[in-house]
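Chains as they are written, first to last, in the UniProt record's numbering: chain A, 1 to 367; chain B, 1 to 335.
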């Protein structure tokens, strides 16, 4: 297929966790044999709990880290073999948005200098052109051009994240990787930033790879989802289908654990007990078998590989065909009709608000 | 209206930084009956944690000051009680668990020792009985191999296990009230589900009332009997869980719920709240949400009080319910 912009092939990354003076060091395999294609123009989400290797994978994909084994192929070329000049071009094409808007911006640079920095490094445009570009980027992320003269500490968390996005977009990238880009933000601010990301993706024709742990955000923004557990991808597929009918028991567990903000959604749902095992010594066979409610003898010895279950669905489970797993029950979050009408009134009034410094509002079609 | 005396009655609690004009917590009032769970929900800086700290008497020695108000708990006003009285209550009748289980446990003390300390502070019991009680508590919070864990240090436990230890410690003296400040925010979603489940079943077993501080409306729906929504230091809406989720009335509550992406994936685009929370240094007069509210009018320069909209559902908005207002708003002056 030609529509693949970035692809990971058998990626492995090991870290030395502890190095004693004598004896063998203990090694963590943070990412273990991950193969994954990112399609041009899509939003791909990588989801999993702490320590599952999702951030390491994001760093491998963007070559902020070098893999121990395997390759990352961008536009048909292994990025490990690129020359310095080619690497520079790659950096222009591929940008990263970090989670923490407080530590990822140099506090001693003005916002304008921060956003301009990538342009200067890549020698793009003359000084006045760059200034115009900075003003344009600030407007794009819902800030004002005069904010260029201020310093990061003068901004709130949400505004700083917008600055981080503007900086990532400065060089006109084709693919943007975001490591938990909205998880440090409050709900109302998170929604604003999610909307900005979606608008910009559409406007600029970007490909997005988003690392996140919040499944509702993922459901909202992504086209496809990869679920990771202990360094491996256990399920990969179309977001809507995967949420509706998961094929891996771990995906089912994750989905059932989400607290749903509606009455009547309260359920007895301690599907799994215990914590994820220590990644230094992952269990043999299927890594999820120690917590899996459906585990059988085979799962304890034989490691399931990621295989194609249906078009657009890959899963690493021996029994995926036999299991009938529960997805998200959309009716559970349903609200009474009167409440729905009130939300429509809010939405309309919100769309008609003028002078708000946030993003452009598209009017949803309601009565 | 029930005539029973509530377990906790907070009236007009206001907190401010010494020497500043705008209170960070402004006239907060609520009641909690025995065995009930109240969730206080809001975004960063809305005053939800400050309210909890004030109830525990933990604002001493900070620049923050309880300006006025009372909090009657079993005949004692928690806000004006002497430090000795509070010390006697804390960890005994009223207990608190915090967001960060790593920083609230002593890294140099064994788990069993820390729970024992909480018991010995309030009970005069022989050593072996204290240890037996500590073990019983660890079993109660469903820690596997509890007898071995008793002699381990906090760093040997996972985040979820540490939070279980915190809960064991808090419940060791059978408190009547447990205050939990974002108890699951630092945890992964599957571990969060386990801890919420545990807190719910322990609440039912022990009959302890709970105040849970959270920013997550999902957690609220899972846990609460009653809900108070806070914005910029004030309760803007309060009611039963069904009233808040099935009949939300304050524009902030509506905006907050609209901002949340749904798992059903049925939204084209998120309907947001514009702008940001006002900073404590320039708190607006009148309704503090007005600048971000799509229904704001000139009238909102006056502070709206919490009004009962029926069946104890209280809302602090001149224009609630908004659909009636939106239909007749032609002659109102926009803000």
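Think of the CB as a built atom: it goes at the ideal place given N, C-alpha and C, for glycine as much as any other residue.
I want to see whether chain B comes within less than 8 Å of residue i, judged by CB atoms only; does it?
{"i": "residue 215 of chain A", "result": "yes"}
{"i": "residue 109 of chain A", "result": "no"}
{"i": "residue 56 of chain A", "result": "no"}
{"i": "residue 281 of chain A", "result": "no"}
{"i": "residue 254 of chain A", "result": "yes"}
{"i": "residue 103 of chain A", "result": "no"}
{"i": "residue 241 of chain A", "result": "no"}
{"i": "residue 237 of chain A", "result": "no"}
{"i": "residue 224 of chain A", "result": "no"}
{"i": "residue 158 of chain A", "result": "yes"}
Just checking: is the beta-carbon of residue i within a distance shorter than 8 Å of some beta-carbon in chain A?
{"i": "residue 262 of chain B", "result": "yes"}
{"i": "residue 167 of chain B", "result": "no"}
{"i": "residue 274 of chain B", "result": "yes"}
{"i": "residue 38 of chain B", "result": "no"}
{"i": "residue 147 of chain B", "result": "no"}
{"i": "residue 58 of chain B", "result": "no"}
{"i": "residue 30 of chain B", "result": "no"}
{"i": "residue 1 of chain B", "result": "Low confidence applies to residue 1 of chain B: its pLDDT is 48, below 50, so where it sits in the model is not reliable, and the reading given next is rough at best. Chain A, which has no Cβ nearer than 8 Å to the Cβ of residue 1 of chain B, makes this no."}
{"i": "residue 314 of chain B", "result": "no"}
Assuming residue i and residue j are in contact, meaning their beta carbons sit under 8 Å apart, how far apart are those beta carbons, in whole angstroms?
{"i": "residue 8 of chain A", "j": "residue 35 of chain A", "result": "6 Å"}
{"i": "residue 216 of chain A", "j": "residue 260 of chain B", "result": "7 Å"}
{"i": "residue 228 of chain A", "j": "residue 47 of chain A", "result": "7 Å"}
{"i": "residue 185 of chain A", "j": "residue 158 of chain A", "result": "5 Å"}
{"i": "residue 161 of chain A", "j": "residue 101 of chain A", "result": "4 Å"}
{"i": "residue 26 of chain B", "j": "residue 263 of chain A", "result": "That belief does not hold up - the Cβ atoms of residue 26 of chain B and residue 263 of chain A are roughly 29 Å apart, past 8 Å."}
{"i": "residue 240 of chain A", "j": "residue 265 of chain B", "result": "6 Å"}
{"i": "residue 241 of chain B", "j": "residue 228 of chain B", "result": "Not quite, the Cβ-Cβ distance comes to about 11 Å (not below 8 Å), so this is no contact."}
{"i": "residue 91 of chain B", "j": "residue 230 of chain B", "result": "About 26 Å; that fails the 8 Å criterion."}
{"i": "residue 280 of chain A", "j": "residue 26 of chain A", "result": "5 Å"}
Have a look at residue i and residue j and give me their C-alpha separation to the nearest angstrom.
{"i": "residue 176 of chain B", "j": "residue 108 of chain B", "result": "30 Å"}
{"i": "residue 179 of chain A", "j": "residue 12 of chain A", "result": "19 Å"}
{"i": "residue 43 of chain A", "j": "residue 224 of chain A", "result": "7 Å"}
{"i": "residue 93 of chain A", "j": "residue 40 of chain A", "result": "13 Å"}
{"i": "residue 232 of chain B", "j": "residue 112 of chain A", "result": "31 Å"}
{"i": "residue 245 of chain A", "j": "residue 57 of chain B", "result": "49 Å"}
{"i": "residue 16 of chain B", "j": "residue 81 of chain B", "result": "19 Å"}
{"i": "residue 119 of chain B", "j": "residue 209 of chain B", "result": "20 Å"}
{"i": "residue 254 of chain B", "j": "residue 143 of chain A", "result": "25 Å"}
{"i": "residue 255 of chain A", "j": "residue 79 of chain A", "result": "35 Å"}
{"i": "residue 364 of chain A", "j": "residue 295 of chain B", "result": "In this prediction, residue 364 of chain A scores a pLDDT of 33, lower than 50, which makes its location untrustworthy; the coordinate-derived value is nonetheless stated afterwards. Going by the C-alpha atoms only, they are around 18 Å apart."}
{"i": "residue 218 of chain B", "j": "residue 259 of chain A", "result": "4 Å"}
{"i": "residue 150 of chain B", "j": "residue 194 of chain B", "result": "21 Å"}
{"i": "residue 288 of chain A", "j": "residue 117 of chain A", "result": "44 Å"}
{"i": "residue 168 of chain B", "j": "residue 40 of chain B", "result": "23 Å"}
{"i": "residue 51 of chain B", "j": "residue 84 of chain A", "result": "56 Å"}
{"i": "residue 77 of chain A", "j": "residue 15 of chain A", "result": "26 Å"}
{"i": "residue 282 of chain B", "j": "residue 22 of chain B", "result": "8 Å"}
{"i": "residue 192 of chain A", "j": "residue 45 of chain A", "result": "19 Å"}
{"i": "residue 32 of chain B", "j": "residue 166 of chain A", "result": "47 Å"}
{"i": "residue 327 of chain A", "j": "residue 248 of chain A", "result": "11 Å"}
{"i": "residue 6 of chain B", "j": "residue 134 of chain B", "result": "30 Å"}
{"i": "residue 33 of chain A", "j": "residue 10 of chain A", "result": "4 Å"}
{"i": "residue 111 of chain B", "j": "residue 132 of chain B", "result": "13 Å"}
Residue i CB to nearest chain E CB: under 8 Å?
{"i": "residue 229 of chain A", "result": "Among the protein chains in the structure shown, which are A and B, there is no chain E."}
Item to complete: Answer yes if the region 226-244 of chain A comes into contact with the region 50-65 of chain A, meaning at least three C-beta pairs across the two stretches below 8 Å, and no otherwise.
Response: Taking 8 Å as the limit for Cβ pairs, the verdict is that the region 226-244 of chain A does touch the region 50-65 of chain A.
Worksheet item: Along the chain, which unbroken stretches of the beta strand (DSSP E) at least 3 residues long are found entirely within the region 120-178 of chain A?
Response: Those beta strand (DSSP E) runs which fall completely within the region 120-178 of chain A and span 3+ residues do not exist here.
Worksheet item: For the 8 Å Cβ check, are there 3 or more pairs between the region 290-303 of chain A and the region 217-227 of chain A?
Response: The region 290-303 of chain A is not in contact with the region 217-227 of chain A.
Discussion item. Pairs of beta-carbons, one from the region 199-215 of chain B and one from the region 177-184 of chain B, closer than 8 Å: are there three or more?
Written reply: Yes, they touch.
Worksheet item: Is the region 202-216 of chain A close to the region 167-182 of chain A, with three or more CB pairs under 8 Å?
Response: Short answer: they touch.
Worksheet entry | Runs of beta strand (DSSP E) wholly within the region 166-222 of chain B (minimum 3 residues, chain order) | Entirely contained in the region 166-222 of chain B, the beta strand (DSSP E) runs reaching 3 residues are, in chain order, 177-181 and 209-214.
Worksheet entry | Cβ contact check for the region 61-72 of chain B and the region 139-148 of chain B: 3 or more pairs under 8 Å | The region 61-72 of chain B is not in contact with the region 139-148 of chain B.
Item to complete: Decide yes or no for the touch test of the region 261-281 of chain B against the region 316-323 of chain B: beta carbon pairs closer than 8 Å, at least 3 of them.
Response: Contact annotation: the region 261-281 of chain B does not touch the region 316-323 of chain B, with fewer than three C-beta pairs closer than 8 Å.
Practice prompt. Count the CB pairs spanning the region 196-209 of chain B and the region 45-53 of chain B that are closer than 8 Å, and state whether there are at least three.
Written response: The region 196-209 of chain B vs the region 45-53 of chain B: no contact.
Worksheet entry | the region 226-244 of chain B / the region 288-306 of chain B touching (three or more Cβ pairs under 8 Å) | Using a C-beta cut-off of 8 Å, the region 226-244 of chain B makes contact with the region 288-306 of chain B, since at least three inter-stretch Cβ pairs fall below that distance.
Item to complete: Report yes or no: do three or more beta-carbon pairs, one from the region 111-126 of chain A and one from the region 135-154 of chain A, lie closer than 8 Å?
Response: Result yes; three or more Cβ-Cβ pairs closer than 8 Å.
Discussion item. Quick check on the DSSP output: what are the complete beta strand (DSSP E) runs of length 3 or more inside the region 33-70 of chain A, in order along the chain?
Written reply: Segments of the beta strand (DSSP E) lying fully in the region 33-70 of chain A: 43-47.
Worksheet item: Mind pulling the beta strand (DSSP E) runs of 3 or more residues that sit fully within the region 45-69 of chain B?
Response: Listed in chain order, nothing qualifies, since the region 45-69 of chain B has no complete beta strand (DSSP E) run of 3 or more residues.
Worksheet entry | Segments assigned beta strand (DSSP E), at least 3 residues, entirely inside the region 260-324 of chain A | 307-310 and 313-315, all fully within the region 260-324 of chain A.
Worksheet item: Can you give, in chain order, each stretch of the alpha helix (DSSP H) that sits fully within the region 221-276 of chain B and has at least 4 residues?
Response: The alpha helix (DSSP H) runs lying completely inside the region 221-276 of chain B and spanning 4 residues or more are 241-246 and 251-259, given in chain order.
Worksheet item: Counting Cβ pairs, one atom from each stretch, are 3 or more of them under 8 Å apart for the region 167-176 of chain A and the region 127-145 of chain A?
Response: At 8 Å Cβ cutoff, the stretches touch.
Item to complete: Starting from the N-terminal side, write out each stretch of the alpha helix (DSSP H) that is 4 residues or longer and does not extend beyond the region 80-104 of chain A.
Response: The qualifying runs are 84-93.
Worksheet item: Should the region 189-203 of chain B be called in touch with the region 309-322 of chain A, which here means at least 3 C-beta pairs below 8 Å?
Response: Result no; under three Cβ-Cβ pairs closer than 8 Å.
Worksheet item: Could you give the uninterrupted runs of the alpha helix (DSSP H) lying entirely in the region 71-130 of chain B, keeping only those of 4 residues or more?
Response: Restricted to the region 71-130 of chain B, the alpha helix (DSSP H) segments that are unbroken, complete and at least 4 residues in length are 83-89, 101-104 and 111-120, listed in chain order.
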